[in-house]
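Student:
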Amino acid sequence: MTAAPETAAPKTAATIMTREVVHVAEGDDVQVVAKRLLESGHHSLPVLDQDGRVVGMIGERDLIDAHRQIHLPTVLSLLDSVIPISGWREYEEELRKATAVTALQLATPKPEVAHLGDSVESLADRILKRNLHALPVVDDGGHLLGIVSRSDILRALIQGS
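The sequence shown begins at 191 in the working numbering and counts up one residue at a time.
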């Protein structure tokens, strides 16, 4: 009698995530955030509150945006009213980043997150569709457990084929 061939368990966030995560605290100064991001070699970092919950993500783009010149939106003045023609949301976002002092103020709030049981395929799909560099892996309470990067996903897909 021959044994049935073993099938590998499906890979999930739990099996491919990095457990030691470089992160910043919500109250960290923007300069501290920039230094930590550059020193880590990562493209983005999770922002944690005092209880270890993920409250945002900061990427290289956020830090670059914070140092760019703010462009006023084009407006139309009509009967003592100012009507934005375009770019009002972009202006508000640029202003928010340019005036940020702490990690929480600069971070993208309510970031996309992953859970331990998420499949590699679903993680890959979300990272690509949303043009993300990484997904923090959280428990049901939003506490950081690990992080899955594009490299982690690529490694899992290559090893699985």
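Cβ atoms here follow ideal geometry from the backbone N, Cα and C, with glycine treated the same way.
Thinking just about the alpha-carbon of each residue, which of 327, 221, 199 and 314 is nearest to the one in residue 246?
Tutor: Nearest option by C-alpha distance: 327.
Student: Does residue 350 come out as helix, strand or coil in the three-state DSSP assignment?
Tutor: It is helical.
Student: Applying the 10 Å Cβ sphere with the 16-neighbour rule, what's the burial state of residue 325?
Tutor: Buried, since its Cβ has 16 or more Cβ neighbours within 10 Å.
Student: Have a look at residue 201 and residue 309 and give me their C-alpha separation to the nearest angstrom.
Tutor: Roughly 6 Å separates the two Cα atoms.
Student: Closer than 8 Å by C-beta to residue 232: which residues in its own chain qualify, once you throw out the five before and the five after it? Chain order, please.
Tutor: Same-chain partners within the cutoff: 212, 323, 324 and 339.
Student: What do you get for residue 234, buried or exposed, if any count of 16 or more other CB atoms within 10 angstroms of its CB means buried?
Tutor: Counting Cβ neighbours within 10 Å, residue 234 comes out buried, since at least 16 surround it.
Student: Verify whether the separation of the beta carbon atoms of residue 207 and residue 336 is less than 7 Å.
Tutor: Yes. Within cutoff.
Student: Classify residue 227: buried if its beta carbon has 16 or more other beta carbons within 10 angstroms, exposed otherwise.
Tutor: So residue 227 counts as buried.
Student: Check the C-beta distance from residue 244 over to residue 301 and give it rounded, since I have them as a contact under 8 Å.
Tutor: Contact holds; Cβ gap of about 7 Å.
Student: For residue 216 versus residue 239, is the C-beta distance shorter than 7 Å?
Tutor: The answer is yes: Cβ separation under 7 Å.
Student: Mind checking residue 199: buried by the 16 CB within 10 Å criterion, or exposed?
Tutor: So residue 199 ends up on the exposed side.
Student: Buried or exposed, going by whether 16 or more other CB atoms sit within 10 Å of the CB of residue 348?
Tutor: It counts as exposed.
Student: Just to confirm my understanding: we take residue 295, look at its own chain, exclude 5 residues before and 5 after, and list those with CB closer than 6 Å. What are they?
Tutor: Nothing listed; no residue qualifies.
Student: Could you say which of 224, 203 and 205 lies nearest to residue 290 if we only look at CA atoms?
Tutor: Ranking the options by Cα distance to residue 290, first place goes to 224.
Student: Out of 214, 250 and 343, which one is the CA nearest neighbour of residue 241?
Tutor: Closest option to residue 241, Cα to Cα, is 214.
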